[in-house]
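Per UniProt numbering, residue 1 is the first one in the sequence shown, and the count goes up by one each step. Even for Gly, the Cβ is constructed at its ideal location relative to N, Cα and C. Okay, structure first, notes after.
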Amino acid sequence: MVWSSTAIPTTLTALPFCAPRPDPDMPPVTAARPGLPSHPPTTRAIYAALRRDIVMLALMPGAKLSENELSLRFGTSRGPVREALIRLGEDGLIEVLPQRGSFVGRLSLPAIERARFVREALEIAVVRRAAEKGLPAEARIRAEASLSAQGGEGVDAESFIALDDGFHAGFAEAIGLGEVWAVIEREKAQFDRIRFLSLPAATPIDVIIAQHRSILRAVLDRDPAAGEVAVRDHMAEVLKIVDDLPGRYPHLF
1 MVWSSTAIPT
11 TLTALPFCAP
21 RPDPDMPPVT
31 AARPGLPSHP
41 PTTRAIYAAL
51 RRDIVMLALM
61 PGAKLSENEL
71 SLRFGTSRGP
81 VREALIRLGE
91 DGLIEVLPQR
101 GSFVGRLSLP
111 AIERARFVRE
121 ALEIAVVRRA
131 AEKGLPAEAR
141 IRAEASLSAQ
151 GGEGVDAESF
161 IALDDGFHAG
171 FAEAIGLGEV
181 WAVIEREKAQ
191 FDRIRFLSLP
201 AATPIDVIIA
211 QHRSILRAVL
221 DRDPAAGEVA
231 VRDHMAEVLK
241 IVDDLPGRYP
251 HLF
């Protein structure tokens, strides 16, 4: 299974192959409510929704973020929106330019490499530990179910990446180190934007699933060294396309 190639637009619009699904807990993007709802979303919910839009390129690098427009979108006052934007700035996902406002941060190769380095280092440590300790039966069943779902019919880009993340997070949770994945999650936003940007030319899904199977097999075989090799091979895939992206999409960097 592979996704069809879709050109990245030069305008700041959502990409058709990775447009986010509606969140039932959030007003739609186009909703402009004249009054505030009885239970407006929290700063945390606004932060999560905007982070998702930025990571999935529904909000493209360079897009201007208006507190007033976002307040209308989420049906809340400007305070929670401003606090969410501050958090996104701390994550390196938005830039605040004096006298100009807030903008979605452009992609940065150094930031992407840092995120990739952090993820690879921590995932290697987790997989090695899982191989040393052994994987509980329930965790093995979940991992194998995830692999089956990844190759299922009708799995779109967003669903596949969620399954991918869940597969990797499962090893940390299985050995009592779920907080390690929380660290990875915080650090990998820049890396994830590249994952979505590269989808038209990404590694075929069957190759990624085969790499996942190699990781799981190494853990089940109690072979930490093989697990490390499998993780490195898996993470190296993104490096095959990252260097080419600034030349293809200079307006995003």
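Check: Tell me the rounded alpha-carbon separation between P34 and S198.; Outcome: Its pLDDT being 44, under 50, P34 is placed unreliably in this model, and the value from its coordinates should be taken loosely. The alpha-carbon atoms of P34 and S198 are separated by roughly 39 Å.
Check: Where do the ends of the alpha helix (DSSP H) carrying S159 lie?; Outcome: A157 to A174
Check: How long is the line joining the alpha carbons of R119 and R232, rounded to whole angstroms?; Outcome: 11 Å
Check: Name the two residues that bound the continuous beta strand (DSSP E) containing G101.; Outcome: G101 to V104
Check: Look at V219 and A131 and say whether their C-beta atoms are less than 8 Å apart.; Outcome: yes
Check: Using only CA atoms, which one of D53, E144 and F167 lies nearest to I94?; Outcome: D53
Check: Would you mind giving the Cβ-Cβ distance between L88 and F253, rounded to the nearest angstrom? I have them listed as a contact below 8 Å.; Outcome: Contact flag wrong, Cβ pair sits at about 19 Å.
Check: How would you label D243, buried or exposed, when you count the other beta carbons within 10 angstroms and need 16 or more for buried?; Outcome: exposed
Check: Taking the alpha-carbon positions, what's the G247 to R195 distance?; Outcome: 16 Å
Check: According to the Cβ coordinates, are I46 and V96 closer than 8 Å?; Outcome: no
Check: What is the residue span of the beta strand (DSSP E) that L93 lies within?; Outcome: Taken as a continuous stretch (DSSP letters only), L93 belongs to no beta strand (DSSP E), as it is neither H nor E.
Check: Measure the C-alpha to C-alpha separation of G75 and A143 and round it to an integer number of angstroms.; Outcome: 39 Å
Check: According to the Cβ coordinates, are I112 and Q211 closer than 8 Å?; Outcome: no
Check: Tell me, to the nearest whole angstrom, how far the beta carbon of I175 is from that of R128; I am working on the premise that it is less than 8 Å.; Outcome: Contact flag wrong, Cβ pair sits at about 10 Å.
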